[in-house]
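If you read the sequences in order, they're chains X and F.
Under our numbering, the first residue of the first sequence carries the number 1, and numbering increases by one thereafter.
Under our numbering, the first residue of the second sequence carries the number 1001, and numbering increases by one thereafter.
Even for Gly, the Cβ is constructed at its ideal location relative to N, Cα and C.
There are 2 protein chains.
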Amino acid sequence: MERDMPEELLYEGKAKKLFITEDPQILRVEYKDDATAFNGQKFDRLKDKGLLNNAITVFFFEHLETKDIPSHFVRKISETEQLVRRVKIIPLEVVVRNVAAGSLSKRIGWEEGKELPHPIVEFYYKDDDLGDPLLAEEHIRLLELASEAQIEELKKRGLAVNEALESLMLSKEIRLIDFKLEFGLDQKGEILLADEISPDTCRFWDIESGKILDKDRFRRDLGGVTEAYLEIHQRLTEEIT
Amino acid sequence: MERDMPEELLYEGKAKKLFITEDPQILRVEYKDDATAFNGQKFDRLKDKGLLNNAITVFFFEHLETKDIPSHFVRKISETEQLVRRVKIIPLEVVVRNVAAGSLSKRIGWEEGKELPHPIVEFYYKDDDLGDPLLAEEHIRLLELASEAQIEELKKRGLAVNEALESLMLSKEIRLIDFKLEFGLDQKGEILLADEISPDTCRFWDIESGKILDKDRFRRDLGGVTEAYLEIHQRLTEEIT
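This is the structure we're talking about:
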């Protein structure tokens, strides 16, 4: 527990705080219990959410490491904290979808739960003031958010993460509907998976019952939010007997 | 005036009616005086609008023909009517933009009037129930609205139309901000430019004063809608002395 680290807050997001550490290349991430939706219009504080999302994110990043998918993750340092490599975040939300749900259902008129013929990758502009709008690649080029090669690499990484997580979740009897990733550039300009992977950023449905086990429980006032996150954590960490 | 044609109405859109003719490959288009915006929520009837848009569309299609850009246009048959080749419309709105305005300004946060570094082509899903949403190419593939080759061809045609119209309008002291095209497939599966090109489907700004000379006068309650359409028609058809 590196409690002698400087405590300068670098950035406070909706669900996490980022602190400077003694090592300029390393940040400390503190997961908060805050739950927000609809660009911050809906807010609550959910006991243990920070702890659970920290643990779940660590689990996923460590799993992806074994699949040769690099991330900013360095190590867990407390129940609600982890150290990560400092990266320059690419202001794109990379969304990978296996099944129609949420904004995709609204956009193309496919009912929630309809399996896509193949996974798709979407890009959204990480800009709260603009409401995180969908971008076509033309817009990404116009805004110079990523080069042609980076766009292709982001798609490739998104699909690789999807392949790894979809089969992992399947073994836990959970259907991976969709998820949002963020990537950053390290000092050398290499792309690294960053941010978090948790029920805040994924849609998880129980494969048997279809029960929603993610942030949609909060968005849609379904109740049992923390219980769902706990369920995800338990299924991920339980030993298969 | 082929008034012995059967009068079966094939389709009535917001601004035009399509009629079957004796020739199964030819349709008669009648331009209406109806003005609508915001997916039909705003409505008015503007005297001479149908006549002006028919004439302006004919002018543009004939001009594009000289630039080897084929369209469905056959010939004008009355002040408000033209004959066109029957095509199967691809349900995509192909939007070409030279300058930030309208929904692009809202999406990416660029002020209206900001010149884009290069023209861009956007695709929207022609679906009133869904509100004509922006589509990324991933969505077009998912919905099987167009093949990979067709998507590329639509972009190429859109940019070719832009090149032809931008320089034409410049010679009329009008800045071509953006426009929406629709394309269809003929019997042989060839892509043909279809629908209309008019102040209903383009943004035109006077190059000197910046005065809006298009449907935004209607959308934004600026008044002088028909006068603006008349001004476009006059500038297009006046002899340069």
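| Going by alpha carbons, who is nearest to GLU1196 of chain F out of F:ILE1089, F:ASN1039 and F:ASP1068? | Locating residue 1196 of chain F in the second sequence gives position 196, counting from the first residue. Nearest option by C-alpha distance: F:ILE1089.
| said: Just to confirm the assignment, what range does the beta strand (DSSP E) spanning THR1036 of chain F have? | reply: On the second sequence, residue 1036 of chain F is found 36 positions in, with the first residue counted as 1. Residues 1034 to 1037.
| task | With ALA1160 of chain F as the anchor, note down where its alpha helix (DSSP H) starts and where it stops. | result | Numbered from 1 along the second sequence, position 160 holds the residue referred to as residue 1160 of chain F. Start and end: 1148 to 1171.
| query | With distances taken between CB atoms, is the gap from ILE1207 of chain F to GLU1173 of chain F smaller than 7 Å? | reply | Taking the second sequence and counting its residues from 1, one reaches residue 1207 of chain F at position 207. Taking the second sequence and counting its residues from 1, one reaches residue 1173 of chain F at position 173. Contact flag set, yes.
| According to a CB-to-CB cut-off of less than 7 Å, which residues of the segment 67 to 97 of chain X neighbour chain F? | none
| said: Comparing C-alpha positions only, which one of F:LYS1180, F:ASP1221 and F:LEU1176 sits nearest to VAL1099 of chain F? | reply: Residue numbering aside, residue 1099 of chain F sits at position 99 when the second sequence is read from its first letter. Relative to the Cα of VAL1099 of chain F, the nearest Cα in the group F:LYS1180, F:ASP1221 and F:LEU1176 belongs to F:LEU1176.
| said: Using DSSP's beta-bridge definition, name the partner residues of ASP1178 of chain F. | reply: What you label residue 1178 of chain F is simply residue 178 of the second sequence in a count that begins at 1. According to DSSP, which records beta bridges pairwise, ASP1178 of chain F is partnered with F:ARG1097 and F:ARG1203.
| said: Please identify the residue among X:ARG86, X:LEU92, X:PRO133 and X:LEU170 whose C-alpha is closest to the C-alpha of LEU1104 of chain F. | reply: Against the second sequence, residue 1104 of chain F aligns to sequence position 104. The residue with the shortest Cα to Cα distance from LEU1104 of chain F is X:PRO133.
| request: Using a cut-off of 8 Å between C-beta atoms, extract the partners of ALA136 of chain X located in chain F. | output: Numbered from 1 along the first sequence, position 136 holds the residue referred to as residue 136 of chain X. Residues of chain F passing the Cβ test: GLU1122, PHE1123, LEU1134, LEU1135, ALA1136 and GLU1137.
| field | C-alpha gap between ASP1221 of chain F and LYS1106 of chain F, whole angstroms | value | For this step, residue 1221 of chain F is matched to residue 221 along the second sequence. For this step, residue 1106 of chain F is matched to residue 106 along the second sequence. Between ASP1221 of chain F and LYS1106 of chain F, the C-alpha separation is close to 19 Å.
| field | VAL29 of chain X (DSSP reduced to helix, strand or coil) | value | As a working note, residue 29 of chain X is residue 29 in the first sequence. If DSSP states are grouped into helix, strand and coil, VAL29 of chain X belongs with the strands.
| What separation, rounded to the nearest whole angstrom, lies between the Cα atoms of LEU83 of chain X and LEU1142 of chain F? | For the purposes of this step, residue 83 of chain X is taken as the residue at position 83 of the first sequence. For the purposes of this step, residue 1142 of chain F is taken as the residue at position 142 of the second sequence. Cα to Cα, LEU83 of chain X sits roughly 39 Å from LEU1142 of chain F.
| query | At least one CB of chain X closer than 7 Å to the CB of LYS1142 of chain F: is that the case? | reply | Here residue 1142 of chain F is taken as the residue at index 142 of the second sequence, counted from 1. Residue identity check: residue 1142 of chain F is Leu in the sequence provided, not Lys. By this cut-off, LEU1142 of chain F is an interface position.
| task | Check whether the Cβ atoms of GLU153 of chain X and ILE191 of chain X sit closer than 7 Å, and answer yes or no. | result | Within the first sequence, numbered from 1, the residue matching residue 153 of chain X stands at position 153. Within the first sequence, numbered from 1, the residue matching residue 191 of chain X stands at position 191. Against a cut-off of 7 Å, the Cβ pair of ILE191 of chain X and GLU153 of chain X comes out as a contact.
| query | Going by other Cβ atoms of all chains shown within 10 Å of its Cβ, with 16 needed for buried, is PHE1061 of chain F buried or exposed? | reply | Working through the second sequence from its first residue, we reach residue 1061 of chain F at position 61. PHE1061 of chain F is buried by the Cβ-count criterion.
| task | Give the single residue among F:SER1198, F:VAL1074 and F:ASP1023 whose Cα lies nearest to the Cα of HIS1233 of chain F. | result | Translated into the one-based positions of the second sequence, residue 1233 of chain F becomes position 233. Answer by Cα proximity: F:SER1198.
| What in chain X is Cβ-close to GLY1109 of chain F, meaning under 8 Å? | By 1-based counting over the second sequence, the position of residue 1109 of chain F is 109. Proximity of chain X to GLY1109 of chain F at the Cβ level (cut-off 8 Å) is accounted for by ASP127, ASP129 and LEU130, in chain order.
| field | Residue interval of the alpha helix (DSSP H) (run including LYS1016 of chain F) | value | Within the second sequence, residue 1016 of chain F is the residue found at index 16, counting from 1. Not the alpha helix (DSSP H): LYS1016 of chain F falls in the beta strand (DSSP E), residues 1016 to 1020.
| message | Which runs of the beta strand (DSSP E) at least 3 residues long sit entirely within the segment 1055 to 1106 of chain F? Give them in chain order. | response | 1073 to 1078, 1081 to 1085 and 1092 to 1099
| said: Do LYS1042 of chain F and GLU1093 of chain F count as a contact pair if the criterion is CB distance below 7 Å? | reply: In the second sequence, residue 1093 of chain F corresponds to position 93, counting from 1. In the second sequence, residue 1042 of chain F corresponds to position 42, counting from 1. Going by C-beta atoms, GLU1093 of chain F is not nearer than 7 Å to LYS1042 of chain F.
| For PRO1091 of chain F, which residues from the same chain have a beta carbon less than 8 Å from its beta carbon, with the 5 sequence-adjacent residues on both sides left out? | For the purposes of this step, residue 1091 of chain F is taken as residue 91 along the second sequence, with counting starting at 1. So the list reads TYR1125, LYS1126, ASP1127 and LEU1145, once near-sequence residues are dropped.
| Where does the unbroken alpha helix (DSSP H) through LEU952 of chain F begin, and where does it stop? | Here chain F has residues from 1001 to 1241 only, and residue 952 of chain F is not among them.
| query | Which residues, taken in chain order from the segment 1167 to 1196 of chain F, show a beta carbon closer than 7 Å to some beta carbon of chain X? | reply | Correct list: empty, as no residue qualifies.
| field | Buried or exposed (CB count within 10 angstroms, at least 16 for buried), GLU115 of chain X | value | Locating residue 115 of chain X in the first sequence gives position 115, where the first residue counts as 1. With fewer than 16 other Cβ atoms within 10 Å, it is exposed.
| request: Under 8 Å between beta-carbons, which chain F residues line up against LEU52 of chain X? List them in chain order, please. | output: For the purposes of this step, residue 52 of chain X is taken as the residue at position 52 of the first sequence. Within chain F, no residue comes near LEU52 of chain X; the closest Cβ sits about 32 Å away, beyond 8 Å.
| field | Three-state secondary structure (DSSP) of GLU1008 of chain F | value | Here residue 1008 of chain F is taken as the residue at index 8 of the second sequence, counted from 1. Three-state DSSP puts GLU1008 of chain F in coil, outside helix and strand.
| task | Could you check the C-alpha separation between LEU1018 of chain F and SER1078 of chain F for me, to the nearest Å? | result | Your numbering for residue 1018 of chain F matches position 18 in the second sequence. Your numbering for residue 1078 of chain F matches position 78 in the second sequence. Between LEU1018 of chain F and SER1078 of chain F, the C-alpha separation is close to 14 Å.
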